[in-house]
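In the numbering used here, the protein residues as written are 6 to 201.
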Ligand code: ATP
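Shown next, in the form of C-alpha cells:
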C-alpha cells in the first residue's frame, strides 16, 4: 500500500489541514493517509500546546467520514520527542511491504533540511507538499528540485493557521470559518485556548 503520513501538532486541527488532506487524497498518489499528531513538537516551542488526547479527538471529528483517512496515535504513544525519522524507521519495521510518503505544507518543505536526519527521511520516503499561501509555488518548485523525491500538489491555498484559531478562541471570536463545525463546538464546550 502507498501510505501518506501527515504529521503535525494540530493544536488544533483547522480547515487548512482538512483542505490539504482532501486535495492530496484526490490526486490518487496514495491509498491511505495516516494523520499523526505529535507528542512533543521538535520544531517549535509550544507553551499553549494542549493535551494529545484532545488534539487527537479533534482530528477525529474533523476527518469523520473522509475516505482513506485515519487518525493515528502512533507518535502520541511513543515516549519523548516525535522525530519523523524515528517514526519512519518504526513504521518500516512494522510494515516492510508498504511505501511511505510524508505530507506537508510549504513552511515544512522550505525548512526540511533542519529536520533531524533529513537525508535518511528523504532516502526512504517521498515528500508530498503544497502551498499554504498564494505566491509560494516558485520557491516550492526550487526546493522540490533541490531536495529530489518530492511531489508538489497544486492546491488553491487556504491560509489558515492553528495560531490564528487559538487567538480567535482566546478572544471569544467566531471559529466557524477557521475549523470544522464539530471542532468549533468541541473547543467551546471544553473551554480550550482560553488561558492568557
Ligand atoms: P501553528 O500555527 O500552531 O504553528 P499550523 O497551522 O502550522 O500550526 P501544524 O499542526 O503545525 O499547523 O501543521 C501541520 C502540517 O500541516 C504542516 O506540514 C503544515 O505545513 C501543514 N499546514 C498547516 N496549515 C496549513 C494550511 N493552511 N494549508 C496547507 N498546509 C498546512
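We put the CB at the ideal spot given by N, CA and C, even for glycine. Because the structure is a prediction, the values reported are computed rather than measured.
Can you give the beta carbon distance from residue i to residue j, rounded, assuming they're within the 8 Å contact cut?
i, j, result
"residue 19", "residue 167", "6 Å"
"residue 70", "residue 30", "With 8 Å as the limit, residue 70 and residue 30 do not qualify as a contact, their Cβ atoms being about 13 Å apart."
"residue 43", "residue 14", "6 Å"
"residue 121", "residue 90", "6 Å"
"residue 93", "residue 129", "6 Å"
"residue 104", "residue 8", "7 Å"
"residue 38", "residue 126", "Their Cβ separation, rounded to whole angstroms, is 17 Å, which puts residue 38 and residue 126 out of contact at 8 Å."
"residue 6", "residue 36", "5 Å"
Checking the sheet assignment: what are the DSSP bridge partners for residue i?
i, result
"residue 135", "110"
"residue 62", "Residue 62 is not bridged to any residue."
"residue 104", "7"
"residue 41", "12"
Within its chain, find whatever has a CB closer than 7 Å to the CB of residue i; leave out the 5 residues flanking it on each side and keep chain order.
i, result
"residue 145", "111, 114, 134, 136 and 157"
"residue 32", "158"
"residue 163", "20, 21 and 24"
"residue 61", "42, 76, 78 and 81"
"residue 55", "16 and 197"
"residue 183", "19, 20, 165, 169, 170 and 173"
"residue 175", "198 and 199"
"residue 142", "136"
Give every residue of the same chain whose Cβ lies closer than 8 Å to the Cβ of residue i, excluding the five residues on either side of it in the sequence, and list them in chain order.
i, result
"residue 195", "59"
"residue 65", "76"
"residue 181", "189"
So, at 6 Å on beta carbons, what are the nonlocal neighbours of residue i in its own chain, with the 5 sequence-adjacent residues on each side left out?
i, result
"residue 117", "123"
"residue 200", "none"
"residue 138", "162 and 164"
"residue 45", "86"
"residue 160", "28 and 135"
"residue 40", "11, 64 and 76"
"residue 155", "132 and 149"
"residue 185", "67"
Over the uninterrupted beta strand (DSSP E) stretch that includes residue i, give me the two end residues.
i, result
"residue 127", "Looking at the DSSP string, residue 127 is not in any beta strand (DSSP E); the run it does join, the alpha helix (DSSP H), is 123-129."
"residue 157", "155-157"
Could you give the first and the last residue of the continuous alpha helix (DSSP H) run that contains residue i?
i, result
"residue 28", "20-31"
"residue 74", "Here residue 74 belongs to no alpha helix (DSSP H); instead the beta strand (DSSP E) covers 74-76."
"residue 179", "Careful: residue 179 lies outside any alpha helix (DSSP H) and carries neither H nor E."
"residue 3", "Within the shown structure, residues of the chain are numbered from 6 to 201, placing residue 3 beyond reach of any answer."
"residue 83", "Neither: residue 83 is in no alpha helix (DSSP H) and is coded neither H nor E."
"residue 165", "From DSSP, residue 165 is part of no alpha helix (DSSP H); its letter is neither H nor E."
"residue 52", "Premise fails: residue 52 is in no alpha helix (DSSP H) and is neither H nor E."
"residue 190", "186-194"
"residue 147", "142-152"
Would you say residue i reaches chain D, if we count a Cβ-Cβ gap shorter than 7 Å as a contact?
i, result
"residue 43", "Protein chain content of the structure displayed is limited to a single chain, and chain D is not contained in it."
Problem set entry | Closer than 6 Å to the ligand ATP: residues, by C-beta to nearest heavy atom, in chain order | Working through the chain, the matches are 13, 14, 15, 16, 21, 22, 25, 109, 110, 112, 113, 135, 137, 163, 164, 165, 166, 167 and 168.
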